[in-house]
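Notes for the one structure printed next.
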Amino acid sequence: MFSIRAKSVFALFLLSAFAGPVCWAQMPAKMDADSAAIKQCVAAWEDAWNRHDAHATATAYVEDGDFSSTTGVPSHGWKDLEAHYNEIFTTFLKDAHRTDTVRNIRFLTPDIAAVDIDWQMTGAKTRDGKDIPVRKGLLDWVVTRQKNGQWMITIYHESAF
Amino acid sequence: MIRTQTRIVIAALLFLTFSAAGSRAQMAANREADTAAIKQSVASFEDTWNSHDAHAVAMRYVEDGDFSSVKAEPSHGRKELEDHYSTIFTTFLKNAHTTDTVRSIRFLAPDLASVDIDWLVTDPAAPGGVLRKGLLTWIMSKRGGQWMIVIYHEQAF
Numbered sequence: 000m001f002s003i004r005a006k007s008v009f010a011l012f013l014l015s016a017f018a019g020p021v022c023w024a025q026m027p028a029k030m031d032a033d034s035a036a037i038k039q040c041v042a043a044w045e046d047a048w049n050r051h052d053a054h055a056t057a058t059a060y061v062e063d064g065d066f067s068s069t070t071g072v073p074s075h076g077w078k079d080l081e082a083h084y085n086e087i088f089t090t091f092l093k094d095a096h097r098t099d100t101v102r103n104i105r106f107l108t109p110d111i112a113a114v115d116i117d118w119q120m121t122g123a124k125t126r127d128g129k130d131i132p133v134r135k136g137l138l139d140w141v142v143t144r145q146k147n148g149q150w151m152i153t154i155y156h157e158s159a160f
Numbered sequence: 000m001i002r003t004q005t006r007i008v009i010a011a012l013l014f015l016t017f018s019a020a021g022s023r024a025q026m027a028a029n030r031e032a033d034t035a036a037i038k039q040s041v042a043s044f045e046d047t048w049n050s051h052d053a054h055a056v057a058m059r060y061v062e063d064g065d066f067s068s069v070k071a072e073p074s075h076g077r078k079e080l081e082d083h084y085s086t087i088f089t090t091f092l093k094n095a096h097t098t099d100t101v102r103s104i105r106f107l108a109p110d111l112a113s114v115d116i117d118w119l120v121t122d123p124a125a126p127g128g129v130l131r132k133g134l135l136t137w138i139m140s141k142r143g144g145q146w147m148i149v150i151y152h153e154q155a156f
């Protein structure tokens, strides 16, 4: 007969042997769900941008979010971000429309991801008022999962080419 | 006389206050050391880039590191990275010199940081001597005590 202690050790061994694969099986499923949620976050931001809603565009960032323009000009935090979007939506991008397509997502931790997004814009003008037929480039974002489960922009960089 | 129970509560409160302050001071010291180590890692990358050593530059990345060019052309992993650097160092950047200046560091976790770097590439044959300038945006991770590039993006303007 096995002692109670030996039975307990065996039960723990079985539990750890099965819990491991179950945990690994759950990870891809969880990553799929998170990838879908991140794509949804990008789509919601794109929608706010295309409505030229400076407040909604800014509050898709975390409160101390960082933005950097195609020429490396920064904005930090909701107040600066909203002022930045207000300015572009009432001047050289007032008739602009953008399309954002997620190219890839790399999870840095379960709650932090780097996201590359191909962007294209029509209806834009230069700062001195000349039409730009099509602007395009790459956005590279860091998004983070908040306590309520929502993914938000922590860092936004954009390049144009 | 203060009761023993009250004394224990006061002692526990004092312990918590001092250990929290000590922990905050330790965190600040770690952050300062990591900031210096990240700047050192950027300087090492710049040195290896300027010696046009494709292998050494690729080794500044983690094994499955990601690079994206000014035109968003990707390279993934050390082999592709080394091939990419070999190509640029033997063709259009063979006489180029880079100057990389850390602009800002944002810690995402104790061992994970986003680093913005002002970037200037010069070449005596280029108009005005300047071939490219812009911003590098890196994600760096501390692996085995060393800060390495996980993701490298570059933008020229």
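So the sequences go chain by chain: G and L. Everything in the first sequence is counted per numbering that gives the first Met the number 0, starting at 0 for the first residue and increasing by one. Everything in the second sequence is counted per numbering that gives the first Met the number 0, starting at 0 for the first residue and increasing by one. For each residue, glycine too, the CB sits at the ideal point set by N, CA and C.
Is LEU92 of chain G helix, strand or coil by DSSP? Counting from one through the first sequence, the residue named residue 92 of chain G turns up at place 93. Residue state for LEU92 of chain G is assigned as coil, using DSSP reduced to three classes.
Are the C-beta of VAL141 of chain G and some C-beta of chain L separated by less than 8 Å? Numbered from 1 along the first sequence, position 142 holds the residue referred to as residue 141 of chain G. Answer yes: the Cβ-Cβ gap between VAL141 of chain G and chain L drops below 8 Å somewhere.
Between which two residues does the alpha helix (DSSP H) harbouring LEU80 of chain L extend? Taking the first residue of the second sequence as 1, we reach residue 80 of chain L at position 81. That run of the alpha helix (DSSP H) goes 76-89.
By alpha-carbon positions, which one of G:ILE154, G:ASN147 and G:VAL142 ends up nearest to ILE104 of chain L? Stepping through the second sequence from its first residue, residue 104 of chain L is reached at position 105. The candidate whose alpha carbon is nearest that of ILE104 of chain L is G:ILE154.
Can you name the residues that DSSP bridges to PRO27 of chain G? Locating residue 27 of chain G in the first sequence gives position 28, where the first residue counts as 1. For PRO27 of chain G, which the question treats as bridged, DSSP gives no partner whatsoever.
Closest to HIS96 of chain G by CA distance: which of G:ALA35, G:ASP139, G:PRO132 and G:ILE152 is it? As a working mapping, residue 96 of chain G is identified with position 97 in the first sequence. Minimum Cα distance to HIS96 of chain G is reached at G:PRO132.
Specify, as a first and last residue, the run of the alpha helix (DSSP H) that VAL72 of chain G falls within. On the first sequence, position 73 is the one that residue 72 of chain G refers to. Looking at the DSSP string, VAL72 of chain G is not in any alpha helix (DSSP H), and its letter there is neither H nor E.
Thinking C-alpha only, which one of L:SER68, L:VAL56 and L:VAL69 is nearest LYS78 of chain L? Position 79 of the second sequence holds residue 78 of chain L. Taking only the C-alpha atoms, the option nearest LYS78 of chain L is L:VAL56.
At a CB distance below 9 Å, what residues from the segment 110-140 of chain L approach chain G? Give them in sequence order. Answer in chain order: LEU111, SER113, ASP115, ASP117, GLY133, LEU134, THR136, ILE138 and SER140.
Are the C-beta atoms of ILE150 of chain L and some chain G residue less than 8 Å apart? Here residue 150 of chain L refers to the residue found at position 151 of the second sequence. Among the CB atoms of chain G, one or more fall inside 8 Å of the CB of ILE150 of chain L.
If you draw a straight line from the C-alpha of ILE246 of chain G to the C-alpha of PHE14 of chain L, how long is it? Because residue 246 of chain G is not part of the residues shown, which for chain G are 0 to 160, the question remains open.
Near GLN119 of chain G, what residues of its chain come up, given a Cβ to Cβ distance below 6 Å and the 5 sequence neighbours on each side ignored? Start at 1 with the first residue of the first sequence, and residue 119 of chain G comes out as number 120. Counting only Cβ-Cβ distances below 6 Å, and skipping sequence neighbours, we find THR98 and LYS135.
Close beta carbons around VAL120 of chain L, own chain, < 6 Å, minus the five adjacent residues each side: Along the second sequence, read from residue 1 onward, the residue named residue 120 of chain L stands at position 121. The answer, listed in chain order, is ALA95, THR97, LEU130 and ARG131.
Counting C-beta neighbours from all protein chains within 10 Å, is the total for GLN145 of chain G 16 or more, i.e. buried, or is it exposed? Position 146 of the first sequence holds residue 145 of chain G. Here GLN145 of chain G is exposed, its C-beta having fewer than 16 other C-beta atoms within 10 Å.
Look at the Cβ atom of ARG30 of chain L, then the Cβ atom of PHE106 of chain L, and state whether they are nearer than 8 Å. As a position in the second sequence, residue 30 of chain L is number 31, starting the count at 1. As a position in the second sequence, residue 106 of chain L is number 107, starting the count at 1. Contact: yes.
My assumption, with CB atoms under 8 Å, is that ASP82 of chain L sits in contact with HIS75 of chain L. Please give the rounded CB distance. Numbered from its first residue, the second sequence carries residue 82 of chain L at position 83. Numbered from its first residue, the second sequence carries residue 75 of chain L at position 76. 11 Å between Cβ atoms; not a contact.
Same chain, Cβ closer than 6 Å to ILE111 of chain G, five either side skipped, listed in chain order: Along the first sequence, one-based indexing puts residue 111 of chain G at 112. Here the set comprises THR143.
Which residues, in chain order, does the segment 66-81 of chain L contribute to contact with chain G at a C-beta distance below 9 Å? Residues passing the 9 Å Cβ filter: SER67, VAL69, LYS70, ALA71 and PRO73.
Should LEU107 of chain G go down as buried or exposed, given a rule of 16 or more other Cβ atoms within 10 Å for buried? The residue you call residue 107 of chain G lines up with position 108 of the first sequence. With 16 or more other Cβ atoms within 10 Å, it is buried.
Below 8 Å, how does it come out for the segment 18-25 of chain L and the segment 65-80 of chain G: are there three or more Cβ pairs, yes or no? No: the two stretches stay apart, fewer than three of their Cβ pairs being nearer than 8 Å.
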